[in-house]
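Novice:
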Amino acid sequence: MKDQTSFLQQIHHEEYTGVAYKNVELKKQILSFFANEGSTTLADLSKELNISIPKINELVVDLIQDGLVKDYGKSESNAGRKPNLYGLRPNSAFFIGVEVKNYHLNIGLMDFKKNFIKVEEGIPFLLQNTPQSLVALCDAINAFMANTAVAKSKILGIGITLMGRINYKSGYSYNYFNFNEKPLTKVIEEKIGLHTFLENDSRAMAYAEFNTDIVKNEKNVLFLNIDRGIGTGIMTNGQLYYGKSGFAGEFGHIPMFDNEIICYCGKKGCLETEVSGRALRKQFISRLKNGEASILTRDFADPEDIQLEDIIQAAIHDDTLAIELIANVGEKLGKGIALLMNLFNPELVVLGGILSTTGDYLFLPVKSAINKYSLSLVHNDTHLKLSKLGDKAGILGACLLVRNRLLGLLK
0 MKDQTSFLQQ IHHEEYTGVA YKNVELKKQI LSFFANEGST TLADLSKELN
50 ISIPKINELV VDLIQDGLVK DYGKSESNAG RKPNLYGLRP NSAFFIGVEV
100 KNYHLNIGLM DFKKNFIKVE EGIPFLLQNT PQSLVALCDA INAFMANTAV
150 AKSKILGIGI TLMGRINYKS GYSYNYFNFN EKPLTKVIEE KIGLHTFLEN
200 DSRAMAYAEF NTDIVKNEKN VLFLNIDRGI GTGIMTNGQL YYGKSGFAGE
250 FGHIPMFDNE IICYCGKKGC LETEVSGRAL RKQFISRLKN GEASILTRDF
300 ADPEDIQLED IIQAAIHDDT LAIELIANVG EKLGKGIALL MNLFNPELVV
350 LGGILSTTGD YLFLPVKSAI NKYSLSLVHN DTHLKLSKLG DKAGILGACL
400 LVRNRLLGLL K
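Here the sequence shown stands for residues 0 to 410, where the numbers follow numbering that gives the first Met the number 0.
#1: Cα separation between PHE94 and LEU133?
#2: State the DSSP-derived secondary structure class of ILE229, mapped to helix, strand or coil.
#3: My output table needs one value for ASP359: the three-state DSSP class, helix, strand or coil.
#4: Out of SER38, GLN306 and LYS54, state which residue places its alpha-carbon closest to the alpha-carbon of LYS26.
#5: The beta strand (DSSP E) with ASN83 in it runs from where to where?
#6: Tell me which same chain residues have a C-beta within less than 7 angstroms of the C-beta of PHE32, skipping the five on either side of it?
#7: Give me, in chain order, the residues of the same chain whose beta-carbon lies closer than 6 angstroms to that of GLY329; leave out the 5 immediate sequence neighbours on both sides.
#8: Using DSSP with H/G/I as helix, E/B as strand and the rest coil, what is GLN127?
#9: Excluding the 5 residues flanking PHE256 on each side, which residues of the same chain have their C-beta closer than 7 angstroms to its C-beta?
#10: Using the Cα positions of TYR206 and LEU197, report the straight-line distance between them to the nearest angstrom.
#11: Just the C-alpha distance for GLN3 and ALA34, rounded to the nearest angstrom, thanks.
#12: Would SER91 be called buried (16 or more neighbouring beta carbons within 10 Å of its own) or exposed?
#13: How about LEU58 and TYR71: are their beta carbons less than 8 angstroms apart?
#14: With DSSP as the reference, label GLN306 as helix, strand or coil.
#15: Report the three-state DSSP secondary structure of VAL149 (helix, strand or coil).
#16: Rounded to whole angstroms, what's the CA-CA distance from GLN306 to LYS21? Just pull it up for me.
#17: From the DSSP output, in three-state form, read off THR211 for me.
#18: For the alpha helix (DSSP H) holding HIS316, just list the boundary residues, first then last.
#19: Comparing C-alpha positions only, which one of ALA42, GLU119, HIS382 and GLU36 sits nearest to ASN213?
#20: Would you mind sorting SER169 into buried or exposed? The rule is 16 or more other CB atoms within 10 Å of its CB.
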């Protein structure tokens, strides 16, 4: 049997030329088909990929020897000689997704067929633009890998999501861990020993949503990550849209308001200054200090100790103040989404992120504002939905981006 890691090593390198390069690319196509469509016969695979049956057989045999593909035996066809079905070995390769939040990490290990083998959420972590914070991140990833039963040689790559401006092609982060001359991906690879991909958190969440059943046949979709800030993932013609430098989707920094509030980005009047988790928390605390009541006053002597998650839980438990402020955020957010809908004319808009967990308290004001401010011909053709993935969107998106980039499904 050939060295199991032979093809796994090849897909990380670009120096192959001629026949070797062509075979690597054809194997990627085969694995991609199995990953997306499931098991099939050699004849059907040959037809779908427009590759001759002898060549398909040669490549599939190689992938079987590499331990990536399995012969699953005879198909269930009713007539004639029954051909064999071939498909992925789910446990032949794995991918790690790391979602970096302000105060914790979520890390997941996914197999070739999108099954999570291990997930750890809420790992204590403080995101700061310091070398110490970067070391803590790498230590946490190494500790996670050490506690899995999967051999490191079977992990093809790690996807890491961060807030702010990310250039995934160059591997640079411009908001966090930007104190090295090397790309952040290279720095992390040296500390972890695995191929690393970097992605903006909202775009990774969007990619996860685009690959679930919430998106049917739609090719033009917007995803809104409504968290402490606001980010957007854009799908046009079935592909993620990045823009020239990879920074497309900074919806939260559209100058929507004539106010003197300084945004997290350093400018004034951004959408995020009044429509975000940070803005909601600031407004909630201000109202409490002005003497208004909330169920949270029973648990917090100092309003400054109240966090965004506490406000969301208060709303879920019918706190009047929390519900009112979330509705205000929803109304302004809906006006901003109406602007996006008039520009992009999407088929679907998906609301995700922590504020979307409040359900109709956010959803209904958003929908009402969209109806009020967008062109009727536009919003009549656009569906609005809440995320189904919830807090799994980040790590799933990170894993899928690694898998699909390695297989050539995403450039």
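The beta carbon of each residue, even a glycine, is placed where N, CA and C say it ideally should be.
Remember, predicted model here, so these are calculated numbers, not experimental data.
Specialist: Straight from the coordinates:
#1: 21 angstroms
#2: strand
#3: helix
#4: LYS54
#5: 83-87
#6: LEU44, GLU47 and LEU48
#7: LEU361, PRO364 and VAL365
#8: coil
#9: GLY268, THR272 and GLU273
#10: 14 angstroms
#11: Interpretation of GLN3 is limited by its pLDDT of 42, a score under 50 that renders its predicted location unreliable; the figure taken from the coordinates is listed afterwards. The alpha-carbon atoms of GLN3 and ALA34 are separated by roughly 19 angstroms.
#12: buried
#13: no
#14: coil
#15: coil
#16: 54 angstroms
#17: coil
#18: Segment: none, HIS316 is in no alpha helix (DSSP H) and carries neither H nor E.
#19: The question names Asn, but residue 213 in the sequence shown is Ile. Considering only alpha carbons, the answer is HIS382.
#20: exposed
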